[in-house]
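A short write-up of the structure that comes next.
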Amino acid sequence: MALRNTTRRWGALSQLLHWLIVILIILQVTLASMADDLPAGAKKLGLLARHKSVGITILMLALARLVWRLLNPTPALPQTLKSWEQSLARLTHALLYVLLFAMPLSGWMMSSARGFPVSWFGFFTLPDLVPKNRSLYEALLTTHSTLAWVLGAVVTLHVAAALKHHFMLRDDVLRRMLPLGSSTPEPK
Amino acid sequence: MTRLTASLAALPARALGAALCLVLVARAAEPAAVPHYTLDQAKSSLEFTFTQAGAQNKGRFKSFPVSFDFAPDKLTAGRLDVAVEMGSLDSGDQERDDTLRSEDLFSVKKFPQAHFLATQFVQTAAGFEAVGKLTLRGVTRDLRVPFTFRTATENGATVGYMSGKTSLKRLDYGVGQGDWKATDQVGNEVGVSFSLRLTAH
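Protein chains in written order, with the numbering used here: chain A, 9 to 196; chain B, 51 to 251.
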């Protein structure tokens, strides 16, 4: 499998970034809900520290992914799709990118507003994005959780669409994001 | 005759010596005549730094009465007594302050004060060092606190400026029970720094 994308298939790096971010988002939801269930304490602090580090990792991966996307061809949507379906697909993908940035950034800002500097796994400390401010923190907390639900909704739509393409439309839209999936050969 | 004169002459000298000895003993037994300072709380700070989740964080104490007898040229007469009101801690976050005051950390209800008492002082290249004992959360341990000290006259009154920093390990004092014994999220090493304005009495 080629490293770069073609107009028909996602390359190895795009696939790696896509699936790595999927795994990390699942980890994020797990860490956040585990922390939510705990009272203030060392365990909660530890879980939230991991959540922040993983979030910053996702932010870095999202940035790499966006840059790589701009430097590569994007596999085209099947021509069989109606134009509103194409628009919906583009909107969903754009929203996912926005959320990949908005989620970690709102979390990072939230931590700064609370007055807790964010460290990346203890290796380095990130600068504070906003000055300490309790009401700003409360607003960002609401934003961060609301965005999490929005992300959940958009991901659901994204997954449902991928499954529809694979099982109902029987095209290669899902397969071309899978390492082992074959796709329609390149035109000669 | 000459012998008698000699012994007579020797008498007052001896008496003088004895009297001098008495005075010296008396002076040593009495509180030494070094200035006594107390804290100007509004213009003083006592801060602590700690690692939380990999990042450096800061807190301070708002109330920590100080009694300080000190003269740089009479170190043996020095005495430093600091009583830190643990409940007055402020880490800049109400929820964290409550956690810090709780039983597993500072246990403020049971141990409302931390106490540093030093009666031994040594001169160092950079200033001085107070050699004493810190009692924190019911545990007493030796602690050396380096500091600098200078005096100034402000509006006709003598004031002293004392500052310095040291570090200690929180677990040495039992600050961190249960889950808080782990040092991966909250570091064991805690920095302490102070900048005091003292007024002489």
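All C-beta atoms, glycine included, are put in the ideal place defined by N, C-alpha and C.
Query: Own chain, CB closer than 7 Å to residue 140 of chain B, minus 5 neighbours either side, in chain order; Result: 109, 110, 112, 147
Query: Min CB distance residue 179 of chain B to chain A below 8 Å; Result: no
Query: Distance between residue 203 of chain B and residue 77 of chain B (C-alpha atoms, nearest Å); Result: For residue 77 of chain B, the predicted structure reports a pLDDT of 48, less than 50, and the residue's modelled location is therefore unreliable. A value from the coordinates is still provided. Computed Cα separation, rounded: 27 Å.
Query: Outcome for residue 106 of chain B when other beta-carbon atoms lying within 10 angstroms are tallied against a minimum of 16; Result: exposed
Query: Inter-residue Cα distance where the pair is residue 136 of chain A and residue 145 of chain B; Result: 20 Å
Query: CA nearest to the CA of residue 104 of chain A, picked from A:173, A:23, A:155, A:134; Result: A:155
Query: Residues, ordered as in the chain, of the stretch 224 to 242 of chain B that lie near chain A by beta-carbon distance below 9 Å; Result: 226, 228, 229, 230, 231, 232, 234, 235, 236
Query: Nearest residue (CA-CA) to residue 167 of chain B, options B:200, B:229, B:114; Result: B:114
Query: Cut-off 7 Å between Cβ atoms - residues of its own chain near residue 13 of chain A, not counting five sequence neighbours on either side; Result: 19, 22, 80, 81, 82, 83
Query: Proximal chain A residues relative to residue 143 of chain B, where beta-carbon distance stays under 8 Å; Result: 122, 123, 124
Query: Cross-strand partners of residue 249 of chain B (DSSP beta bridge); Result: B:88, B:209
Query: Interface flag, residue 99 of chain B vs chain A, CB-CB below 8 Å; Result: no
Query: Interface residues of the stretch 89 to 119 of chain A facing chain B [CB-CB below 7 Å]; Result: none
Query: Under 9 Å from the C-beta of residue 109 of chain B: neighbouring residues of chain A; Result: In chain order: nothing, as chain A lies at least about 11 Å away.
Query: Span separating the alpha-carbon of residue 239 of chain B from that of residue 217 of chain B; Result: 7 Å
Query: Pair within 8 Å by beta-carbon distance, residue 210 of chain B and residue 57 of chain A; Result: no
Query: Which listed residue (A:188, A:149, A:130) has its alpha carbon closest to that of residue 233 of chain B; Result: A:130
Query: Listed by chain order, chain A residues near residue 102 of chain B by CB distance under 9 Å; Result: 53, 57, 124, 125, 127
Query: Chain A contact residues for residue 83 of chain B, given Cβ-Cβ distances below 8 Å; Result: Those do not exist, as residue 83 of chain B stays about 47 Å from chain A at its closest Cβ, beyond 8 Å.
Query: Beta-carbon separation (whole angstroms), residue 61 of chain A vs residue 128 of chain A, contact threshold 8 Å; Result: 5 Å
Query: Pair within 8 Å by beta-carbon distance, residue 135 of chain B and residue 243 of chain B; Result: no
Query: Closer than 8 Å at the beta carbon, the chain A residues around residue 92 of chain B; Result: Within chain A, no residue comes near residue 92 of chain B; the closest Cβ sits about 23 Å away, beyond 8 Å.
Query: Terminal residues of the beta strand (DSSP E) in which residue 192 of chain B lies; Result: 189 to 204
Query: Separation of residue 182 of chain A from residue 139 of chain A, as counted between CA atoms; Result: 44 Å
Query: Minimum Cβ-Cβ distance from residue 10 of chain A to chain B less than 8 Å; Result: no
Query: Beta-bridge partners of residue 118 of chain B, as assigned by DSSP; Result: B:87, B:130
Query: Members of the stretch 21 to 52 of chain A near chain B, C-beta cut-off 7 Å; Result: 48, 49, 50, 51
Query: C-beta atoms of residue 158 of chain B and residue 137 of chain B nearer than 8 Å; Result: yes
Query: Residue 33 of chain A versus residue 90 of chain A: straight-line alpha-carbon distance, rounded; Result: 31 Å
Query: Boundaries of the alpha helix (DSSP H) in which residue 153 of chain B is found, first to last residue; Result: Where residue 153 of chain B is concerned, there is no enclosing alpha helix (DSSP H), given that its DSSP letter is neither H nor E.
Query: CB contact below 8 Å: residue 130 of chain A versus chain B; Result: yes
Query: Cβ shell of residue 185 of chain A (< 7 Å), same chain only, five flanking positions each side left out; Result: 18, 23, 26
Query: Where residue 9 of chain A falls, given that 16 or more other Cβ within 10 Å makes a residue buried; Result: exposed
Query: Check whether residue 171 of chain B and residue 246 of chain B have beta carbons under 8 Å apart; Result: no
Query: Helix, strand or coil at residue 113 of chain B [DSSP, three-state]; Result: coil
Query: Simplified DSSP state of residue 93 of chain B, which is helix, strand or coil; Result: helix
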